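First up is the structure itself, then whatever we jot down about it.
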Amino acid sequence: MKRAIPVVVLSIAGLVPVWLYEPSAATSTVQAATPAAPSTPATSPSSSSAGTSSSTVVAGSTVNTEKGPVQVEVTFDGDEISSVRMLQQPNHPQTTAAVPKLIASTLQVQSADIDTVSGATITTDGYKESLQAAIDAKG
Amino acid sequence: MRRVEQVMGFPVSLRIDDASVPESAADAVFAWLHQVDARFSPFKPDSEVSRLDRGELSDPSEDLTEILDLCEHYRTATGGAFDVRLPGRGLDPCAVVKGWSVQRAAELLRAAGAKRFCLNAGGDVVTAGGPWRVGVRHPEHADQLCTVLHLTDGAVATSARYERGDHIIDGRTGRPATGLLSLTVVAPTLTEADSVATAAFAMGTEGVHWAAGLEGCEVFAVDAGRQVLRTPGFPTARTGATVA
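First to last, the protein sequences are chains G and Y. If you're matching positions, the first sequence starts at 1 in this note's numbering and goes up one per residue. If you're matching positions, the second sequence starts at 1001 in this note's numbering and goes up one per residue.
Encoded structure:
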């Protein structure tokens, strides 16, 4: 029975990355994480273990679906499919298709001649020192 | 004509460039905003919002119904991140009321014949008859900008934590939204720009993508790691000088 404990612990540990996973900032697609090991052939007693050298990996073409591009990679063991892996998949199934690619850059400090300032709702105290107050005062 | 007045607890700056527009047009704008404050502030016990929240208002006005419908729309669209009825708190539709009422004020100006004006309500801006150059406040330096944009006819709203602290709550967790430093939305109306900015800010980084996917919305966001994410269509002004 004691042996069950490490097994359970390892199973839970294996799930941690899943819990920690948050949809990343990438916009359209993500490269699917490489699976730790395609476990099906190893654990399945029915698969003929002879075929490791005869396995071929084929990447499918990218299919643009309603939710974003999808591309799969299939590993054949002889004539049988031994594993299927996602190379590309929609990041946010509900929204990805409509989201334009965001442009990332570093935060800059600018000063320029402007007519007005957009910012978080400023309080009366904050206003006194704000750029908008300076613009209003200048008239 | 330039006017600045405190309404709803923040300064409202109005600039009208048409010489033909009378002062009374500006008076009407501020009168409307004071009226909105009296009717929809959750901090005034006799406002429509407070009375509705206490169950004393059986037949909400058309305006209040419109505001609550907008709130419900954004609650659903953000999976509950934006919520004006947080557990343990009173009904607080301020985020939607602000943009909605300032947009209405801009329409009052148009109806009075104003063609070129800029109305800035505590950092949320409606413009007409541009070009207007709108700076976006730097999230870490009150006297600096992080970008400048060009706007002809449209609206800009920014949500951030730097002025009033962690006041935007992610309704899904009940905790303050901390994924972003600042998020700016450009949209055809301030009703949309302000609601989307607040709702997206509540969602965190995920909200940047959500807002970017909305028709007519352009987004400029600064995340907690000081990275800028913007949509390709964000109307950045090219001439802003960069200070080292």
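Note that beta-carbon positions come from the ideal geometry of N, C-alpha and C, so glycine has one too. Remember, it's a predicted structure, so these values are computed and weren't measured experimentally.
Minimum Cβ-Cβ distance from residue i to chain G less than 8 Å
| i | result |
| --- | --- |
| Y/Arg1164 | yes |
| Y/Trp1132 | yes |
| Y/Cys1071 | no |
| Y/Ala1013 | Correcting the residue identity first, residue 1013 of chain Y is Ser in this sequence and not Ala. By this cut-off, Y/Ser1013 is an interface position. |
| Y/Thr1247 | Only positions 1001 to 1244 of chain Y appear in this structure, which leaves residue 1247 of chain Y out of reach. |
| Y/Arg1110 | no |
| Y/Leu992 | Only positions 1001 to 1244 of chain Y appear in the structure, and residue 992 of chain Y is not among them; the question remains open. |
| Y/Ser1159 | yes |
| Y/Ala1212 | yes |
| Y/Phe1010 | yes |
| Y/Thr1184 | yes |
| Y/Asp1143 | yes |
Cut-off 6 Å between Cβ atoms - residues of its own chain near residue i, not counting five sequence neighbours on either side
| i | result |
| --- | --- |
| Y/Gly1216 | Ala1187, Pro1188 |
| Y/Ala1160 | Pro1139, Ser1182 |
| Y/Asp1194 | Lys1098, Gly1099, Asp1124, Ala1157 |
| Y/Glu1206 | none |
| G/Ser105 | none |
| Y/Arg1002 | Arg1015 |
| Y/Gly1135 | Leu1145, Val1148 |
| Y/Thr1078 | Ala1199, Met1203 |
Cβ neighbours of residue i in the same chain (closer than 8 Å, five flanking residues each side left out)
| i | result |
| --- | --- |
| Y/Pro1060 | Glu1048, Leu1052, Leu1068 |
| Y/Lys1044 | Asp1037, Ala1038, Ser1050 |
| Y/Gln1103 | Val1126, Ala1155, Thr1189, Leu1190, Thr1191 |
| Y/Arg1175 | Ile1169 |
Coarse secondary structure for residue i, derived from DSSP in three states
| i | result |
| --- | --- |
| G/Ser105 | strand |
| Y/Leu1109 | helix |
| Y/Arg1054 | coil |
| Y/Arg1164 | coil |
| G/Thr62 | coil |
| Y/Ala1212 | helix |
| Y/Val1084 | coil |
| Y/Arg1104 | helix |
| Y/Ala1187 | strand |
| Y/Cys1118 | strand |
| Y/Val1004 | strand |
| Y/Ala1095 | helix |
| G/Glu221 | Look at the range of chain G in this structure, 1 to 139, and you will see that residue 221 of chain G is not part of it. |
| G/Gly68 | strand |
| Y/Glu1140 | coil |
Delimiting residues of the alpha helix (DSSP H) encompassing residue i
| i | result |
| --- | --- |
| Y/Ser1024 | 1023–1040 |
| Y/Ala1155 | Per DSSP, Y/Ala1155 belongs to no alpha helix (DSSP H); it is in the beta strand (DSSP E), 1154–1160. |
| G/Asp136 | 131–138 |
| Y/Thr1191 | 1190–1203 |
| G/Thr124 | 124–128 |
Endpoints, beta strand (DSSP E) assigned at residue i
| i | result |
| --- | --- |
| Y/Leu1064 | It is not in any beta strand (DSSP E) - Y/Leu1064 instead sits in the alpha helix (DSSP H) that spans 1062–1077. |
| Y/Gly1135 | 1132–1137 |
| Y/Glu1218 | 1218–1223 |
| Y/Ala1128 | 1124–1128 |
| Y/His1150 | 1145–1151 |
| Y/Gln1227 | 1227–1230 |
| G/Ile114 | G/Ile114 -> no beta strand (DSSP E), and no H or E assigned at all. |
| Y/Phe1010 | 1010–1016 |
Neighbour flag for residue i against chain Y, beta carbons, 8 Å
| i | result |
| --- | --- |
| G/Val63 | no |
| G/Pro100 | yes |
| G/Glu80 | no |
| G/Gln110 | yes |
| G/Ser54 | no |
| G/Gln132 | yes |
| G/Leu73 | Going by the sequence as given, residue 73 of chain G is Glu instead of Leu. No, no contact with chain Y. |
| G/Gly119 | yes |
| G/Gly68 | no |
| G/Gly60 | no |
| G/Leu87 | no |
Residue i: CB within 7 Å of a non-hydrogen atom of the ligand MG
| i | result |
| --- | --- |
| Y/Ser1058 | Absence of the ligand MG is noted for the structure shown, with no ligands found whatsoever. |
Interface partners of residue i on chain A, CB under 8 Å
| i | result |
| --- | --- |
| Y/Pro1045 | As a matter of chain content, chain A is missing from the structure shown, whose protein chains are G and Y. |
Other residues of its chain near residue i: CB distance less than 7 Å, five sequence neighbours each side excluded
| i | result |
| --- | --- |
| Y/Gly1090 | Pro1042, Asp1053 |
| Y/Glu1005 | Val1012, Phe1030 |
| Y/Gly1080 | Gly1171, Arg1172 |
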